[in-house]
Amino acid sequence: MGKVLVIGFPGEGHVNPSLGIVKELMTQGEKVVYYGIEDYAEKIRKSGAEFREYEDFRPSLDMSNRMTNEESYDRYEIMNLFLNESENIITKIMSETKHETYDYVLYDYHLLAGSAVADLLQLPKVSLCTTFALNKELATCMMPSGQTEPDQSSFYPQFEKSLNKFNNQYNTQLKDSIDIMSNPGDITLVFTSEFFQPNVSEFTSEYKFIGPSIVKRLDIEDPSYLQNENEKIIFVSMGTIFNQQLEIYNLCVEALKDFEGKVILSIGKNTKPEELAHIPETFVVKQYVPQLEILKCADLFITHGGMNSSSEGLYYDTPLVVIPMAVDQFMVGDRVQELGAGVKLDKNNVSAELIKKTVNDVLTTHTYKQHAQQIGESLRSAGGYKQGVKEIFNVVPVKA
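Take the sequence shown: its letters are residues 191 to 590, numbered as in the numbering used here.
Structure (structure tokens):
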């Protein structure tokens, strides 16, 4: 039985895919210690892992406000803050594990601290990539327009200083933001399929495309509103981080008020149903819904384009209307549209009329469903968390 150190990135779309891997490792006899933030403590403990907390660094980065593509932001300011926060996480974990022994480390692809800890412990390392795998070209596509270049940034000198300090202290060779935000391991498990990954031929064999980690959630309600099997269903959700989108929700209400079926609208914990305009009787509006259960039945998914949500929709062959809010969502929307499984809309130029027309086009043009099924088949056949654990044991010997 091996002992595994897992270092997660804060966010539903990062934590949820990792839990399938964690549960399967424990089924195979491994013992798991999982570092994360308090928000996910209960979920991690339910997986059977020992939870340990590090401080949530997201408030200091203010990511949801900085990266919504509405105005220019200085990426070097963010990267400088991220380097400092990475050091805090490294220091805490190294201090708490100095008298412990582990066999290998799993960490989030976007968490520099995880890679650094694995190197400091001189252990095999497995990176968990819950977005598309990134190279410089794809990382550029992922960033909002107007990001600051070095010669335009007042923060670049401080960033360069912090980067050199980090490299010297941890014997790394980081050169720019792409090196900070993409941290491959001895192998990197990418939670998508080779078919859905853009530019897949540019990635080495150390990248293992295992598809989404679809695991039955333990904290779901019984969706009694799905009992009518003959009813068409549109599901609307803007995810868990960028979900304060009252204007988008109201546009969807207006666009779909005459839809002959059911519209399920998940608005997140930061928006209250009473804040919305008049809600038609055909709508179910909740702050949280069992997303996987709904996507199994949905005919169309209106989404922000988060990798986790989009993959879950496509896994169940559901066509998408993508309204990206930030970061990798723009690239996901582009890829969905490129492969013909849905349509990407610009949130700054969206209207109720456009949403209504787009929904009608996607529902009545059968090729969208066919292409969603093609992607879905590629995701299901990639193997998921069970394949991920096989790949781990191919590089890390199993202890008796």
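From the three backbone atoms N, C-alpha and C, an ideal C-beta is built for every residue, glycine too.
For Ser276, which residues from the same chain have a beta carbon less than 6 Å from its beta carbon, with the 5 sequence-adjacent residues on both sides left out? Numbered from its first residue, the sequence shown carries residue 276 at position 86. Cβ neighbours of Ser276 beyond the five flanking positions: Leu302 and Ala303.
Coil, strand or helix - Ser344 by DSSP: The residue you call residue 344 lines up with position 154 of the sequence shown. Of the three classes helix, strand and coil, the one that applies to Ser344 here is coil, per DSSP.
Out of Ser541, Ala516 and Lys547, state which residue places its alpha-carbon closest to the alpha-carbon of Ala329. In the sequence shown, residue 329 corresponds to position 139, counting from 1. Nearest option by C-alpha distance: Ala516.
Is Leu529 helix, strand or coil when you go by DSSP? Position 339 of the sequence shown holds residue 529. In the structure shown, Leu529 sits in coil (DSSP, three-state: anything other than H, G, I, E or B).
Among the candidates Glu419, Ile279 and Gly219, whose CA atom is the shortest distance from the CA of Arg248? As a first step, residue 248 is located in the sequence shown; it is residue number 58 there, counting from the start. For the residues Glu419, Ile279 and Gly219, the minimum Cα distance to Arg248 belongs to Ile279.
Assign Ile368 to one of three DSSP states: helix, strand, or coil. As a working note, residue 368 is residue 178 in the sequence shown. In the structure shown, the three-state DSSP call for Ile368 is helix.
If you drop the 5 nearest sequence neighbours on each side, which residues of the same chain put their C-beta closer than 6 Å to that of Ile469? Taking the first residue of the sequence shown as position 1, residue 469 is located at position 279. Contacts found: Val475.
According to DSSP, simplified to helix, strand and coil, what is Tyr360? Within the sequence shown, the letter at position 170 stands for residue 360. Under the three-state reduction of DSSP, Tyr360 is assigned to helix.
Ile377: which of Leu311, Val295, Thr321 and Gln218 sits nearest, CA to CA? As a first step, residue 377 is located in the sequence shown; it is residue number 187 there, counting from the start. Answer by Cα proximity: Val295.
When you compare only the Cα positions, how much space is there between Glu290 and Pro314? Translated into positions along the sequence shown, residue 290 becomes position 100. Translated into positions along the sequence shown, residue 314 becomes position 124. Cα to Cα, the separation comes out at about 16 Å.
Going straight from the alpha carbon of Val205 to that of Ile283, what length do you get? The count along the sequence shown starts at 1 and reaches residue 205 at position 15. The count along the sequence shown starts at 1 and reaches residue 283 at position 93. Val205 and Ile283: Cα-Cα distance of roughly 18 Å.
C-alpha distance - Tyr244 paired with Thr461, whole-angstrom precision: Here residue 244 refers to the residue found at position 54 when the sequence shown is read from its first residue. Here residue 461 refers to the residue found at position 271 when the sequence shown is read from its first residue. Spanning the two alpha carbons is a distance of roughly 27 Å.
Quick check on Ile404: does DSSP put it in helix, strand or coil? Taking the sequence shown and counting its residues from 1, one reaches residue 404 at position 214. DSSP places Ile404 in coil when its eight states are reduced to three.
For Asn433, which residues of its own chain have a beta-carbon under 6 Å away from its beta-carbon, when the five flanking residues on both sides are left out? As a working note, residue 433 is residue 243 in the sequence shown. For Asn433, the predicted structure reports a pLDDT of 49, less than 50, and the residue's modelled location is therefore unreliable. A value from the coordinates is still provided. Excluding residues within five positions, the ones whose Cβ falls inside 6 Å are Gly458.
Asn259, buried or exposed, once every other Cβ within 10 Å from all chains shown has been counted against 16: Here residue 259 refers to the residue found at position 69 when the sequence shown is read from its first residue. The predicted model places Asn259 with a pLDDT of 48, which falls under 50 and marks its position as unreliable, so this point remains unresolved.
Let me know the secondary structure DSSP gives Leu296 once reduced to three states. Within the sequence shown, numbered from 1, the residue matching residue 296 stands at position 106. Here Leu296 carries a strand assignment [DSSP, helix/strand/coil].
Reference Thr555, options Ser305, Asp489 and Arg525, closest by Cα: For the purposes of this step, residue 555 is taken as the residue at position 365 of the sequence shown. Looking at the Cα atoms, Asp489 is the closest of the given residues.
Note down the Cα distance separating Phe393 from Glu286, rounded to an integer number of angstroms. For the purposes of this step, residue 393 is identified with residue 203 of the sequence shown, where counting begins at 1. For the purposes of this step, residue 286 is identified with residue 96 of the sequence shown, where counting begins at 1. Cα-Cα distance, rounded: 35 Å.
Are the region 380-397 and the region 343-361 touching by the rule of at least three beta carbon pairs closer than 8 Å? Touching, no, given that fewer than three Cβ pairs across the two stretches are closer than 8 Å.
Sort Glu202, Asp246, Ser317 and Lys213 by Cα distance to Ile227 and report the nearest one. To locate residue 227, count along the sequence shown from 1; it is residue 37. With distances taken between Cα atoms, Ile227 lies closest to Asp246.
Beta-bridge partners of Cys319, as assigned by DSSP: On the sequence shown, residue 319 is found 129 positions in, with the first residue counted as 1. DSSP, once it has assigned bridges, lists Val380 as partnering Cys319.
Beta-carbon proximity list for Leu416, same chain, < 6 Å, skipping 5 on both sides: Mapped onto the sequence shown, residue 416 falls at position 226. Within the same chain, Leu416 has close Cβ partners Cys487.
DSSP bridge partner residues for Arg242 (one or two, in chain order): Counting from one through the sequence shown, the residue named residue 242 turns up at place 52. Bridge partners of Arg242: Tyr225.
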